[in-house]
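Residue numbers (this note's numbering): 389 to 570. All C-beta atoms in this analysis are idealised placements derived from N, C-alpha and C, irrespective of residue type, glycine included. Working notes for the structure below.
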């Protein structure tokens with residue numbers, strides 16, 4: 389093969405490769421995450437100081453997040469916080485958020501708030517939270533949330549916290565949540 393033909397084929401292959409349809413990267417600083425068919429948007433966690441006072445409208449460092457009553461921080465091992473977000477399932481089959489973890493807390497649980505005997509009570513969610521196919525679930529104060537029990541460091545507004553969500557089908561999805569005042 390002569391040099392002219394070789395260079396022409398090489399340039400054609402490069403041009404063809406440049407035309408491929410690669411997935412666009414998520415916008416920098418979006419805070420969201422994605423795991424196959426699971427997309428996370430607007431992840432945030434409630435600011436909380438471990439010692440010397442609380443942030444985010446909490447009266448003491450051992451009080452559970454607002455709207456998540458029923459367990460005090462004393463019952464759960466010290467200062468606590470919670471993380472919130474929107475979880476979207478773009479797949480054709482339902483998935484389930486079954487667990488979460490973070491190095492910012494000794495224990496991380498999936499919780500909800502229910503009315504029991506006329507009182508709002510925070511409870512772990514048995515079996516996880518179903519995310520319907522083509523649907524979404526919002527984790528928010530007073531509803532489903534990721535409970536961060538026994539904080540290992542202060543959670544200061546303006547900083548970030550790393551979470552890993554575990555889904556039944558999608559597997560692990562890393563999330564960066566902005567720490568903010570409610």
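Nonlocal neighbours in the same chain, by C-beta distance under 7 Å from residue i, ignoring five residues either side
{"i": "residue 435", "result": "443, 444, 543, 544, 545, 567, 568 and 569"}
{"i": "residue 523", "result": "477"}
{"i": "residue 551", "result": "471, 488, 490, 534, 563 and 565"}
Backbone secondary structure at residue i - three-state DSSP
{"i": "residue 556", "result": "coil"}
{"i": "residue 448", "result": "A caution first: residue 448 carries a pLDDT of 35, below 50, which makes its placement in the model too unreliable to give a value."}
{"i": "residue 564", "result": "strand"}
{"i": "residue 570", "result": "coil"}
{"i": "residue 545", "result": "coil"}
{"i": "residue 467", "result": "coil"}
{"i": "residue 473", "result": "strand"}
Buried or exposed by the 16-neighbour rule on C-beta atoms within 10 Å, applied to residue i
{"i": "residue 491", "result": "exposed"}
{"i": "residue 512", "result": "exposed"}
Length of the line joining the Cα atoms of residue i and residue j
{"i": "residue 488", "j": "residue 505", "result": "29 Å"}
{"i": "residue 428", "j": "residue 530", "result": "19 Å"}
{"i": "residue 466", "j": "residue 494", "result": "10 Å"}
{"i": "residue 425", "j": "residue 516", "result": "17 Å"}
{"i": "residue 538", "j": "residue 469", "result": "8 Å"}
{"i": "residue 475", "j": "residue 540", "result": "26 Å"}
{"i": "residue 437", "j": "residue 547", "result": "13 Å"}
Own chain, CB closer than 6 Å to residue i, minus 5 neighbours either side, in chain order
{"i": "residue 528", "result": "472"}
Ranges of the beta strand (DSSP E) found wholly within the region 482-543, counting only runs of at least 3: 483-489, 493-504, 507-512, 517-519, 524-527 and 533-539
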